[in-house]
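In this text, residue positions in the sequence shown follow the numbering used here: the first is 882, and each later residue adds one.
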Amino acid sequence: MDNSLISDNLSLLSKLMDIHGENSFKAKSFASAAFTIDKLPNQLKDTPREEIFRIKGIGESTGKSILEMLDTRQFTLLNHYVEITPPGILEIMKIKGLGPKKIATIWKELEIESMGELLYACNENRLTLLKGFGAKTQESVRQNIEFYLSNRHRFLYAEVAATGQNLEKQLLELLAPAQVALTGAFRRHSPIIDEIELLIAAPANTIQEQLSLLPDFTLSESNADNLVWLLNEKLKIVTHSCEPAAFYSKLFTTTGSSAFIDKFHSSHAIPHDAASEEAIFSAAGLDYIPPFLREGVNEIALAAQHKLPVVIVPEDIKGIIHSHSNWSDGESSLEEMALAAKAKGLEYLVISDHSRSAFYANGLQIERVLEQHAVIDELNKKLAPFRIFKSIEADILNDGSLDYPDEILAKFDLVIASVHSNLKMTEEKAMDRLLKAIQNPHTTILGHMTGRLLLSRNGYPVNHKAIIDACAASHVVIELNAHPRRLDIDWTWLPYALEKNVMISIDPDAHSIKGFGDVYYGTLAAQKGGVTKNNNLSSYSADMLDNYLLQRKQAKNILP
């Protein structure tokens, strides 16, 4: 059992104890231990037992609970609270904006024990009758429930990527010598996955017989060519059946989006017995279009003109832009992060800790900014030719201004401007804030443009074209935040940004060394939008980035 699961179990126990009105001190002790464990650099399973009780934040009771989980993979106390809690309450706990105290009030005063009942109560205006609930809270809860219900069986690509790839290998072995290939939205690297699709050159009854033997596979639907399965009762797996001779034509038609297939069909035929996908494109007089580009945007026209972009690949990333150290809310020290980036063969690290208004993230007051810069100067001497660039993720304040005076902003090599507060804005308010920040001469990169969290939170409404146009006019780079839950700017707007000659920056927003790996998912999203290494700031070498930033400051007349 790893630290993440232990932390989750302790956190869940704390919340359930609060819901059941147990001793608040005891509940807080489990919550505190969960927080501590989540930040530990080493796994508890590899820690000597006696050392566990010496970790600050872990007491006698929580320590015994940890040992039970490590030794038995069970947690008796948590199991007890789960058993005495209605299943619907456990589901309601997943709704944003509802803490344990509010859930307890809803349960005990309105006798609500399911998500459907809670949504009905919101629609009937019943939550406003409860102490601590107003009309705004009720509306927020209603919207969050509807959002949750519409996304329950959807997944981030990053969450199911390994599952899909392993499944393809497993079925190749199980059904050999039949051909097997991933297809559909998964093969196109869509950021959100509703189902994992596989094409198998075998009869449907053979597929059904073999897959029924696999653990955790449940058949839910079937027809002549397709079988729909549930993996672990939640992830939909669709298997398409075809004759061996039709494998590549079927792979072609199941891979492309409906818009892509419609456009292709309007002027080209798809041979039933194609020898390969390359042969299908060649017969149509087109260059080969990679699966991730088959979305029906402009890729067919570009392929006809032999103008498809040579898209960026993960190996094109030369440095980490946008990262957080333990100076604000990151896990690791500046030196640890720099050494980890250097060990990966990268040339630089752009450290962008939170600015002072982000008090919840230990944002840097001005004196701490200056202290950090002195530390960076020393590390750059020590680690050369590796380079740490001085940056900040400056909060875009409510009036659109940035979070430091000009003389402080000028001391950074680059400034990433992001919205973190007052996210519930009208489009007019959001645009006022963003456009003012973009026009600020110190803004180098516009961070996570819409503030969205995929499958968790819709972004604030924006006029994408107007923002991109403003970035073009002010020579501001647009971040493609590579965290799999953000991927913000959305890839569908990348072609317009490139058309306007706006530079993109694939940035992991890493709060840990492990977070550097999110660049991979950002690169997949960038590929879908046709980004090349020349369009991407984090593909610049350290010297190229240094020259770019220097020239930009000179053009903006920014003096340190």
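Glycine residues also receive a C-beta, built at the ideal position from the N, C-alpha and C atoms.
Simplified DSSP state of residue i, which is helix, strand or coil
| i | result |
| --- | --- |
| K1381 | coil |
| E1360 | strand |
| V1178 | coil |
| K1012 | coil |
| D1350 | helix |
| V1109 | strand |
| V1343 | coil |
| T1064 | strand |
| K1117 | strand |
| L1405 | helix |
| S1093 | coil |
| D1234 | strand |
| N1416 | helix |
| S1282 | coil |
| A1239 | coil |
| M1073 | It should be pointed out that residue 1073 corresponds to Ile in this sequence rather than to Met. DSSP places I1073 in strand when its eight states are reduced to three. |
Sequence-distant residues of the same chain with beta carbon closer than 6 Å to residue i, five excluded per side
| i | result |
| --- | --- |
| I1170 | E1180, A1184 |
| N1025 | I976, K977, G978 |
| R1023 | C1003 |
| K1317 | G1281 |
| G944 | I933, F934 |
| L1295 | S1272, T1325, L1430 |
| F1014 | L1008 |
| K1381 | I1349, A1353 |
| F1036 | I1074 |
Residues near residue i by beta carbon distance below 8 Å, same chain, minus five either side
| i | result |
| --- | --- |
| E1196 | none |
| F1162 | D1168, Y1169, I1170, A1184 |
| F1145 | G1137, I1151, A1165, I1181 |
| G1065 | E1076, I1077, E1078, V1119, T1135, T1136 |
| Q1046 | L1063 |
| I939 | A914, T917, I918, I933, I947 |
| T966 | L897, I900, H901 |
Residue i - containing beta strand (DSSP E), residue span
| i | result |
| --- | --- |
| F1098 | 1098-1103 |
| E1078 | 1076-1081 |
| E1274 | 1268-1276 |
| W988 | Looking at the DSSP string, W988 is not in any beta strand (DSSP E); the run it does join, the alpha helix (DSSP H), is 981-991. |
| I1297 | 1295-1299 |
| S888 | From DSSP, S888 is part of no beta strand (DSSP E) but of the alpha helix (DSSP H) over 884-900. |
7 Å CB neighbourhood of residue i in its chain, flanking five on each side removed
| i | result |
| --- | --- |
| S995 | G969 |
| S1214 | S1206, N1207 |
| V1192 | Q1408, G1411, V1412, T1413 |
| R1175 | R1069, T1136, G1137, S1138, F1141 |
| L1111 | T1099, S1101, K1117 |
| N1261 | R1268, I1269 |
Within 8 Å, strictly: CB atoms of residue i and residue j
| i | j | result |
| --- | --- | --- |
| A1083 | A1105 | no |
| A1155 | S1130 | yes |
| D899 | A908 | yes |
| C1352 | L1327 | yes |
| L1264 | A1219 | yes |
| Y1029 | P1072 | no |
| D1399 | P1376 | no |
| L921 | N890 | no |
| I1202 | S1386 | yes |
| K1223 | F1173 | no |
| G1403 | L1361 | yes |
| G1200 | L1230 | yes |
| L959 | L893 | yes |
| S942 | S910 | yes |
| F1133 | E1159 | no |
| I1277 | L1304 | no |
| M974 | K926 | no |
| D1350 | R1367 | no |
| S1233 | G1244 | no |
| V1250 | I1289 | yes |
| N1279 | E1308 | no |
| Y1341 | A1311 | yes |
Enclosing alpha helix (DSSP H) for residue i [first to last residue]
| i | result |
| --- | --- |
| T1134 | 1128-1136 |
| L921 | Looking at the DSSP string, L921 is not in any alpha helix (DSSP H), and its letter there is neither H nor E. |
| L959 | 957-964 |
| M1425 | 1423-1437 |
| A1318 | 1308-1320 |
| G997 | 996-1004 |
| A1255 | 1247-1264 |
| L1290 | 1287-1290 |
| L971 | 968-973 |
Heavy atom of the ligand PLP within 7 Å of residue i beta-carbon
| i | result |
| --- | --- |
| L1426 | The model on display carries no ligand, and the ligand PLP is accordingly not part of it. |
Alpha helix (DSSP H) runs wholly inside the stretch 1019-1055, at least 4 long, in chain order: 1038-1055
- prompt: Which parts of the stretch 1145-1228 are runs of the alpha helix (DSSP H), unbroken and 4 residues or longer, counting only runs that do not cross its ends?
  reply: Inside the stretch 1145-1228, DSSP marks whole alpha helix (DSSP H) runs of 4 or more residues at positions 1158-1164, 1180-1185, 1215-1224, from first to last along the chain.
message: Please give me, in chain order, every unbroken run of the alpha helix (DSSP H) with length at least 4 that falls completely inside the stretch 905-942.
response: 905-920, 930-933
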